[in-house]
Amino acid sequence: MTGLFTSVAEFLSRPYMFIAFMIAVPALGGVAVWLLRRFGAARFIVSLIFALSNLFFAASVYYGGGVNTSAPFLRALQLSFITTEFSAMCLFAAAVLFLFVSAYSLSYFKAGHGGVFMLYYFISLAMVNGALASDNIGMMLFFWEGLLCTLFGILLIGNLNNPRTAIKALAISGTADLFMMLGIVATIQAAGTVSISEMSSLPVTKMGALGCVMMLLGALGKAGAMPFHSWIPNAASDAPTPFLAAFPGSFEKILGIYLITRIFTDMYDITPGSAISVFVSIVGAVTLFLGVGMALVQKDMKRLLSYHAISQVGYMILGIGTALPVGIVGGTYHMLNNILYKSGLFIVAGAIEKRTKTTDLHNFHGIGRKMPATTACFIIFGLSIAGLPGTNGFFSKELIFDAALETNIVFYILALVGAFMTAASFLKLGGAAFFGRLRTPDGIDENEIREVNAGMLTPMCALAVLCLAFGVYNTYPIDTLIGKSLKIEESFSGWPHSSTLVIISCAVLAAAVANHIYGTRHNGGALNAVDHIHYAPGLKQVYAVAEAGYLDPYHWFMGAVNVFSAACTWIERDVSWIYDKAVPGIVNGVGNALHQYSNGSLSRYLITALVGLLALIAIFIAAIR
Numbered sequence: 001m002t003g004l005f006t007s008v009a010e011f012l013s014r015p016y017m018f019i020a021f022m023i024a025v026p027a028l029g030g031v032a033v034w035l036l037r038r039f040g041a042a043r044f045i046v047s048l049i050f051a052l053s054n055l056f057f058a059a060s061v062y063y064g065g066g067v068n069t070s071a072p073f074l075r076a077l078q079l080s081f082i083t084t085e086f087s088a089m090c091l092f093a094a095a096v097l098f099l100f101v102s103a104y105s106l107s108y109f110k111a112g113h114g115g116v117f118m119l120y121y122f123i124s125l126a127m128v129n130g131a132l133a134s135d136n137i138g139m140m141l142f143f144w145e146g147l148l149c150t151l152f153g154i155l156l157i158g159n160l161n162n163p164r165t166a167i168k169a170l171a172i173s174g175t176a177d178l179f180m181m182l183g184i185v186a187t188i189q190a191a192g193t194v195s196i197s198e199m200s201s202l203p204v205t206k207m208g209a210l211g212c213v214m215m216l217l218g219a220l221g222k223a224g225a226m227p228f229h230s231w232i233p234n235a236a237s238d239a240p241t242p243f244l245a246a247f248p249g250s251f252e253k254i255l256g257i258y259l260i261t262r263i264f265t266d267m268y269d270i271t272p273g274s275a276i277s278v279f280v281s282i283v284g285a286v287t288l289f290l291g292v293g294m295a296l297v298q299k300d301m302k303r304l305l306s307y308h309a310i311s312q313v314g315y316m317i318l319g320i321g322t323a324l325p326v327g328i329v330g331g332t333y334h335m336l337n338n339i340l341y342k343s344g345l346f347i348v349a350g351a352i353e354k355r356t357k358t359t360d361l362h363n364f365h366g367i368g369r370k371m372p373a374t375t376a377c378f379i380i381f382g383l384s385i386a387g388l389p390g391t392n393g394f395f396s397k398e399l400i401f402d403a404a405l406e407t408n409i410v411f412y413i414l415a416l417v418g419a420f421m422t423a424a425s426f427l428k429l430g431g432a433a434f435f436g437r438l439r440t441p442d443g444i445d446e447n448e449i450r451e452v453n454a455g456m457l458t459p460m461c462a463l464a465v466l467c468l469a470f471g472v473y474n475t476y477p478i479d480t481l482i483g484k485s486l487k488i489e490e491s492f493s494g495w496p497h498s499s500t501l502v503i504i505s506c507a508v509l510a511a512a513v514a515n516h517i518y519g520t521r522h523n524g525g526a527l528n529a530v531d532h533i534h535y536a537p538g539l540k541q542v543y544a545v546a547e548a549g550y551l552d553p554y555h556w557f558m559g560a561v562n563v564f565s566a567a568c569t570w571i572e573r574d575v576s577w578i579y580d581k582a583v584p585g586i587v588n589g590v591g592n593a594l595h596q597y598s599n600g601s602l603s604r605y606l607i608t609a610l611v612g613l614l615a616l617i618a619i620f621i622a623a624i625r
């Protein structure tokens, strides 16, 4: 098999072959699925063929030694694709997730629906492949921006009359991408080359400092870190669930974390404790803490998961931001784990929405007995994201905890508090949605609540199995996939080396369970299990301000825009008044005064002439002095 992968990788290294088979073919696959949108079985088979072919090519790139190819384009641009082991691993991860999410998406949408979504989704895969493999940093930006275009297009589906979320996502992500453009220009200036493979340990000084910071801001924005996050919860309300599994759940995390990791490990010389390291760690800690704080009080499943998508990227950024090998491995491992359980959780939400027609937790309760397989998958995903010992999320979080504690105890405390709130929110979600007495939404009979079809259940179960495998056999993802690809020789696989940190983590999880038991009894049910936190003195006011959107930087920006617009309107109105009324009034007044003055009196004319002559003499004398 290795020989086959090597041969395919060599084939893809020929001029234009990577473009043809990993960029053009996925895009054409989207066109084919769109054309077959009314033929359910045919579009599923065609989609599966294209997704499997992309997975085969991605596996060939990873296991076959990578791709190194370049070809001229219009004589002025060199198309260069060079994969490192790390970028090849990310290509492979994106291909696996694309296969699962595309299968789920086709089952989610009925025949005749979802054609435009699938078209954009396949094109998005092409953009991700191009961005991960581009060696020319300008071409990487082209594919990077292409993903923004498809994201905007998907958010407009069904929302043309109310494009609020699409515009917000475009404005926020576009701002991050503008930082990215500036960073790329500065990085090229600092490195003296457009080739990423030739950028190695650039000094973070002068132009290099500008390039590093701006590129990091662009990557943080793509990953969904604060303050570039606030469009994601809005998408939970306006976008179809497959979008959440595909973009905030996987594609954007992969691209953003990929670039942050490359900046830290390859492109720039960033050391632990440096200003850049501390800055990125702070962004990560703030993102994980505030994101999970908002997730804790949500009572709609998709909005809760969307805030967790923000929070979890904070863990990744915190780990990588420490610039310590254990943190970089932990952050990257958490990225792989997150795209497994986070995409799986969004698929679970889609399955529930399919049967109940809602994800509002007020409207249904105790559906676990009706959807046992979905419930089992949710339990696995929930335990993984909460970091139960033995799960994949536990091992990646422990590595991040280790790096955070070594860097600054404040980062470690924030990460622990985030772990407590993560566990508390998923205990609330599981208890409200799956357990207890069955209650269905109005208009939905109990018999309508049943397990979803195989097209939705299979990818859900496959992701759950991978979560278990990545926990039990963590040596493979940590050492083989990540450590080897990042050329980190020290092994961090197996059971965490610090028993003390494990005991503290277990105590935090136990505290979350105790809090859930108390909250359920005290507040009247699992759905209200954290209301005593939500409405605690002081926190109640903070949450009210946050939920009203006053802490959203996007609203600050739009407020500033509105003030500027009002000022421009005021200025324009007053300038118009000056030209339309004031100046003509003055001219008319002067004219009338002169007309009245000119009454034919010779003495009046002589006096006027004498006054004018004296004024000229006075001006002349003043000038010659």
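Using this note's numbering, you'd call the opening residue of the sequence shown number 1 and step up by one each time. We treat Cβ as the ideally placed atom computed from N, Cα and C, and that holds for glycine. Only a predicted model underlies this, so the values are computations on that prediction, with no experimental measurement involved.
By DSSP, does residue i sit in helix, in strand, or in coil?
i    : result
S80  : strand
Y16  : coil
S195 : strand
S70  : strand
S274 : coil
L457 : helix
L202 : strand
Y268 : strand
D177 : helix
R37  : coil
N161 : coil
R450 : coil
R573 : helix
R439 : strand
D633 : The structure shown does not extend to residue 633, since the chain spans only 1 to 625, so no value can be given for it.
N338 : helix
N136 : strand
V297 : coil
H113 : coil
Got a sec? Which residues, its chain only, sit under 7 Å from residue i by beta carbon, not counting five neighbours each side?
i    : result
G400 : The question names Gly, but residue 400 is Ile in the sequence shown. So the qualifying residues of the chain are Y315, L318, G319, G327, G330, G331, H334, A415.
K110 : none
V313 : A223, G224, A225, K253, T287
F382 : The sequence given here places Gly at residue 382; Phe does not occur at that position. The residues are F426, G430.
E353 : T241, T359
L182 : M214
I157 : V116, F117
For the alpha helix (DSSP H) that contains residue i, what are its first and last residues?
i    : result
Y258 : 252 to 262
F243 : 241 to 246
D531 : 531 to 534
Y629 : In the structure displayed, the chain extends from 1 to 625; residue 629 sits before or after that span and is not available.
H497 : No alpha helix (DSSP H) holds H497; DSSP gives it neither H nor E.
M1   : Careful: M1 lies outside any alpha helix (DSSP H) and carries neither H nor E.
Q541 : 539 to 547
M22  : Counting along the chain, M22 falls outside any alpha helix (DSSP H), and DSSP gives it neither H nor E.
I444 : From DSSP, I444 is part of no alpha helix (DSSP H); its letter is neither H nor E.
K302 : 301 to 321
Near residue i, what residues of its chain come up, given a Cβ to Cβ distance below 6 Å and the 5 sequence neighbours on each side ignored?
i    : result
A191 : M199, L202
L170 : F152
M22  : F57, N129
L405 : Y412
L60  : Checking the sequence shown, residue 60 turns out to be Ser, not Leu. Excluding positions up to five away in sequence, the list reads F5, V8, A9.
Report whether the distance from the Cβ of residue i to the nearest heavy atom of the ligand NAD is below 7 Å.
i    : result
V417 : You won't find the ligand NAD in this model; it holds no ligand whatsoever.
### Query
Does the region 365 to 377 come close enough to the region 430 to 450 that 3 or more CB-CB pairs lie under 8 Å?
Counting Cβ pairs under 8 Å, three or more are found: they touch.
### Task
Starting from the N-terminal side, write out each stretch of the alpha helix (DSSP H) that is 4 residues or longer and does not extend beyond the region 342 to 429.
The alpha helix (DSSP H) runs lying completely inside the region 342 to 429 and spanning 4 residues or more are 372 to 386, 392 to 407, given in chain order.
### Task
Determine, using beta-carbon pairs with one atom in the region 37 to 49 and one in the region 16 to 26, whether at least three such pairs fall under 8 Å.
no
### Query
Is there contact between the region 509 to 521 and the region 537 to 557, where contact requires at least three CB pairs shorter than 8 Å?
Verdict: no, contact absent.
### Message
Under 8 Å: do the region 261 to 275 and the region 383 to 400 share three or more Cβ pairs, one atom per stretch?
### Response
Between the region 261 to 275 and the region 383 to 400 there are fewer than three inter-stretch CB-CB distances shorter than 8 Å, so the stretches are not counted as touching.
### Query
Which runs of the alpha helix (DSSP H) fall wholly inside the region 212 to 240 and span at least 4 residues, in chain order?
231 to 238
### Validate contact between the region 345 to 357 and the region 403 to 415 using beta carbons, cut 8 Å, 3 pairs
These segments do not touch.
#### Entry: Stretch-stretch touch, CB-based, cutoff 8 Å, three pairs: the region 280 to 288 with the region 207 to 214
In short, these stretches do not touch, since the Cβ pair count stays below three.
### the region 253 to 263 in contact with the region 220 to 237 per 3-pair CB rule at 8 Å
yes
### Query
Between the region 89 to 99 and the region 127 to 146, do at least 3 Cβ pairs fall closer than 8 Å?
yes
### Query
Should the region 442 to 451 be regarded as contacting the region 350 to 364, the criterion being three or more beta carbon pairs within less than 8 Å?
yes
### Query
Three or more beta-carbon pairs under 8 Å between the region 480 to 490 and the region 136 to 148, yes or no?
Contact fails: fewer than three Cβ-Cβ distances are below 8 Å.
### Message
I'd like to know if the region 438 to 445 and the region 292 to 306 are in contact, where contact means that at least 3 CB-CB pairs between them fall below 8 Å.
### Response
no
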